[in-house]
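Sequence order for the protein chains is Z and X.
The first sequence begins at 0 in numbering that gives the first Met the number 0 and counts up one residue at a time.
The second sequence begins at 0 in numbering that gives the first Met the number 0 and counts up one residue at a time.
Data block below; observations after.
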Amino acid sequence: MSFCYSDDVSVPRLNLWFPHPVLCDGISVHHFSKFIEVLVEKALYEPWPSDFEEQSKWNVEELAPFPLIDSTDNSCAISHHTNEGQYDRKAFRQLQDAKIRKSEPSFTAIEDVRRIVLSFFPLVKIGYDYLTILDADNNTVLWHILVHRPFVTSPLGVPMLLITAVDLEMLRKHRNSSLGENQVEKDHQRIFGVHKKVIVRLPMLTEEGVGVFRHFLRTNSIKMHPTKWQKENLPTLDYSPFLATFLSPLYLDNQHSWDMNEFEVLRKEGIHSCLISPDYLASGLLAGRCSGCGVYCAKLNRCTNCTLAYYCTEQCQRNDWKKHRDMCGPVDC
Amino acid sequence: MKKVGCNLFPGKDNLRNARGSLKRFAVWRNSAMETKGFTKGLKKKLSRETSSYFETGTCSLSATETYALNPTLFEPKTFNWRVDVSSCPFDTYLPLNLKELDTSAQDGIATRYCQKMLAVIVEEYRRRKENIDFQLYLSDDLKFSLLDCEEKFDVIDCSALADEVGLANLIVSASQKLEAHLHALLITESFQWGTVASTVALYLEESLCAPLSMIPTIYGLRVANQVELGRTSFIEIDYPAGFPPITLHWRQAQRFVNVLLNNSPHLKIFVNKLANRCFFNEDERKLREEENCGLKCYTPLTFSSIVANFAEVVKEDVGQQKEIASQFALAQQTLKNWAAGHPVILLMATLPFTPLIDQFLQCQILPGASWLRLVLVPSDHFANYKKQKRKNVKVDFNWAFEIPKSHYVDNFDLHCTKDGNGSFISMQVSFLLPKKHDLEKTHCGIIVDLLTGRTLLIIGDIKDMQQKRYEIPHPSSKHLRHIEAPSKCHVLKVIECQESESHFVINIAIPHNLSTKGKLV
């Protein structure tokens, strides 16, 4: 950071360096009579500047497709990594504390992001390729995401989903700062506008999770070369809101954070404990949240039309119809 | 030389049971080899090959082939080569690449694969050795920073030493020998991290006693792995340890320029956490008993090294502000004097090699050093204590509580001297004290077990110990962090800077004569 006087450039600048990167738009200044106080926010959810220059990048167009069937047991290979379809298992009801259903779940930002990422895979499998991420507290849309099929195998051997993402917070800043018609807005319409009808909305449940998800997408974007389509279609701007990036499951570091009895139950159910932690299970998230009242519930019934919304009671479904009808519709695979 | 055998199950009577156990053991090893996509037939062959190695101690492909033996596995007392459960020659080359395996062979599949991979590694080494200077350091892990040379390294690979000596000790020692440029790399590994925390990020915060975002400031290094995002690869359910080993890459962090930190609530929290780890209090016995990952090796010297390393970044002496229990006051004074360049003396007690010393070494040191402490106690009090001991045997003895004016010295050196035949003749115990310690006439030294307080060895009265001035400078004085102090010619100056987990708060003074020069931007 550099400080100087606005009206007298002859006064030497004061240059400050910090051990941790800081956010350009995370600086606030308060003027007092004999000093100024500067509050500088650390860039906690950003790759470090040196990460951008460092590594050799993956050529994602040369990656092999991820097999859909596991050759050893003919099961769905991707679901090994995403724990799909476990919402109404009897075992989870036994493991859950009934009190948790009505209370606010306490889970970490990384759990929130893990859940969102895992949600992508079954949705893309059944045909969705345009999804939005929104802030559950105020329904603000945070990201528009366009999926590029098929699933591929990352150099680390795990399923990988190539995506084009636009950061809508950054887009809004571009919109507010530009004069006249905004080229970035036009690009956004061009890339995402055609997909408006088929939308899936995935809510982020924690404020910190919003930052961690952004960190995840930006970190992944610097690991790969954009695809040919992305090079041709995404604008090359400084501070571009468009990202050529990918999603892969975020696994637990330590599967032994489970109690051994729970571990055995999971194992019998075929759940891979490297994807969910005890806190996540106790939070009730795995049981699913009612799209109507927002309560976490082990037994939910889903909308038979689109199969995307889940409700604990018929009344909740009726109450939510006004919001849900815009996105409800048979899925075109 | 006796026949090579598997020392896991000594005695022929147990061989039948041993074979059954070996089979299970080999199957477990195979799952650790990550053979999920392999056919059943192939897995069986690999299991047989692994089992054969542990049974015979060799994976040679030919009975008549001449091969080199690994001298580190040789037991001089029994003349056996020990086959260790934690060591298999295939481990270094995991995971096995299915495409590279000769699956048509009946046996020796893993061995041939490893031979091929080794040839590749040797070729890589030959190709690079013209441009890279490799050096191996084989002595005491934490004295690495005391190496009497100005040489620094672009890459330092510490293997899994963090599990032995503690991550904080390792980082402070090794980082001082790392080149200052931002591309220099320090590599640390850990096999035991999962015993400390459920995530790698938490393991780092626990081991270094600081939030992730403040580690660059405090230690001068940043972890380059994205530990906040969890693992990027899949863990098989049957992974034996439950958590895979981790490899962490550390880079130099940018230094503060034109800023000196003030003490802040977050820094105080860090200092308190670190002090609690480094100054072991008997009240914490139960909490610390099961500690792994080298956390037991955090001593007053760890605290002194980290605080001294950090001192150039902070205006105030943050270490001084932490109140330490009185039994550590002498140790803290010693280390403070040493760090400041004031004279300290080395005291050495020499003990002839007796059956008692032999027993001490066999039971306490050779199996893997116990958690030991040197206590300096008033000689007359100790004499009384010995008399009372038989009448009043106390478990979990607290020296400072029971015998006032005891001084705890957690950092001491144990050295055994051998004669020309290799037999032990004496043992030396040495430690540092301030030049004026005033204990000469009153105190004696004993070595105790930290967990119980039980006396293990009496090393004698201080008045009988050799004393000489200690000439080796404190490690931090040799390797400054090269912080650029605020320039005196700057008109604008930072008068205060506090750091928290998420922010820096800076106050910049506005000289009076410049207040009309417009707004500071």
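All C-beta atoms in this analysis are idealised placements derived from N, C-alpha and C, irrespective of residue type, glycine included.
These numbers come from a predicted model, not from an experiment.
{"query": "Exposed or buried, which one is Y310 of chain Z when buried takes at least 16 other CB atoms within 10 Å?", "result": "buried"}
{"query": "Give me, in chain order, the residues of the same chain whose beta-carbon lies closer than 7 angstroms to that of D134 of chain Z; leave out the 5 immediate sequence neighbours on both sides.", "result": "L141, M203, V209"}
{"query": "Based on Cα-Cα distance, which residue from X:L273, X:R254, X:Q331 lies nearest to V313 of chain X?", "result": "X:R254"}
{"query": "Compare the C-beta of F400 of chain X against all C-beta atoms of chain Z and say whether one is closer than 8 angstroms.", "result": "no"}
{"query": "Tell me which residues of the segment 148-173 of chain Z have at least one Cβ-Cβ distance to chain X shorter than 9 angstroms, keeping chain order.", "result": "S153, L155, G156, V157"}
{"query": "Report yes if the C-beta distance between L181 of chain X and S49 of chain Z is below 8 angstroms; otherwise report no.", "result": "yes"}
{"query": "So with Cβ pairs under 8 angstroms, would you call I221 of chain Z a contact of chain X?", "result": "no"}
{"query": "Given I108 of chain X, which residues of its chain have a CB within under 8 angstroms of its CB, disregarding the five upstream and five downstream residues?", "result": "L41, K44, L45, E48, L100, D101, T102"}
{"query": "Under three-state DSSP, which class holds A508 of chain X?", "result": "strand"}
{"query": "Output the boundary residues of the alpha helix (DSSP H) element that contains R114 of chain Z.", "result": "108-124"}
{"query": "Can you check whether the CB of G452 of chain X is closer than 8 angstroms to the CB of N348 of chain X?", "result": "The residue asked about is misnamed: residue 348 of chain X is Ala in this sequence, not Asn. No; because the gap between Cβ atoms is not below 8 angstroms, this pair is not in contact."}
{"query": "Quick one: give me the first and last residue of the beta strand (DSSP E) that N116 of chain X is part of.", "result": "It is Met, not Asn, that sits at residue 116 of chain X in the sequence shown. Not the beta strand (DSSP E): M116 of chain X falls in the alpha helix (DSSP H), residues 108-127."}
{"query": "Is there a Cβ of chain X sitting closer than 8 angstroms to that of I252 of chain Z, yes or no?", "result": "Per the sequence shown, residue 252 of chain Z should be read as Asp rather than Ile. So yes, D252 of chain Z belongs to the interface."}
{"query": "Just verifying my parser: in three-state terms, what is the DSSP assignment at W249 of chain X?", "result": "strand"}
{"query": "With a threshold of 8 angstroms between beta-carbons, can V39 of chain Z be considered close to chain X, or not?", "result": "yes"}
{"query": "Can you check DSSP and say which residues form a bridge with Q466 of chain X?", "result": "X:L346"}
{"query": "Taking just the CA atoms, how far does H265 of chain X sit from F2 of chain Z?", "result": "26 angstroms"}
{"query": "Starting from V116 of chain Z, find everything on chain X with Cβ-Cβ shorter than 7 angstroms and list it in chain order.", "result": "The contacting residues do not exist; V116 of chain Z stays about 10 angstroms from chain X at best."}
{"query": "For W47 of chain Z, name the three-state secondary structure that DSSP assigns.", "result": "coil"}
{"query": "Are the C-beta atoms of R88 of chain Z and some chain X residue less than 8 angstroms apart?", "result": "Summary for R88 of chain Z: the model assigns pLDDT 35, below 50, so the residue's position carries little reliability; its value from the coordinates is reported in the next sentence. Cβ-Cβ to chain X under 8 angstroms: no for R88 of chain Z."}
{"query": "For chain X, find out if any of its Cβ atoms is closer than 8 angstroms to the Cβ of V140 of chain Z; answer yes or no.", "result": "no"}
{"query": "Can you pull the chain X neighbours of N14 of chain Z, defined as C-beta to C-beta under 8 angstroms?", "result": "V256, N257"}
{"query": "Rounded to the nearest angstrom, what separates A67 of chain X and F73 of chain X at their Cα positions?", "result": "12 angstroms"}
{"query": "Can you find the residues in the same chain that come closer than 6 angstroms, C-beta to C-beta, to K272 of chain X, ignoring five residues on each side of it along the sequence?", "result": "C208"}
{"query": "Considering P299 of chain X, what are the terminal residues of the alpha helix (DSSP H) in which it resides?", "result": "299-309"}
{"query": "When the Cα of E290 of chain X is compared with those of X:Q191, X:D316, X:Q331, X:V306, which residue comes out closest?", "result": "X:Q191"}
{"query": "Can you give me the C-alpha to C-alpha distance between V123 of chain Z and F150 of chain Z, rounded to a whole angstrom?", "result": "9 angstroms"}
{"query": "Interface residues of chain Z around H502 of chain X at Cβ under 8 angstroms?", "result": "L38, V39, E40, K41"}
{"query": "What in chain Z is Cβ-close to V521 of chain X, meaning under 9 angstroms?", "result": "A question about residue 521 of chain X goes unanswered here, because the residues of chain X that appear run from 0 up to 520."}
{"query": "So, does the CB of I186 of chain X fall closer than 8 angstroms to a CB anywhere in chain Z?", "result": "no"}
{"query": "Scan the segment 126-137 of chain X for residues whose Cβ lies nearer than 8 angstroms to a Cβ of chain Z and list them as they occur along the chain.", "result": "none"}
{"query": "Does the beta carbon of R230 of chain X come closer than 8 angstroms to any beta carbon on chain Z?", "result": "yes"}
{"query": "Which chain X residues sit within Cβ distance under 8 angstroms of F17 of chain Z?", "result": "Q253, F255, V258, F503"}
{"query": "Quick one, which of X:N383, X:F423, X:N168, X:W249 has its alpha-carbon nearest I305 of chain X's?", "result": "X:N168"}
{"query": "Roughly how many angstroms lie between the CA atoms of I162 of chain Z and D136 of chain Z, to the nearest whole one?", "result": "25 angstroms"}
{"query": "Mapping the DSSP letters down to three states, classify T57 of chain X as helix, strand or coil.", "result": "coil"}
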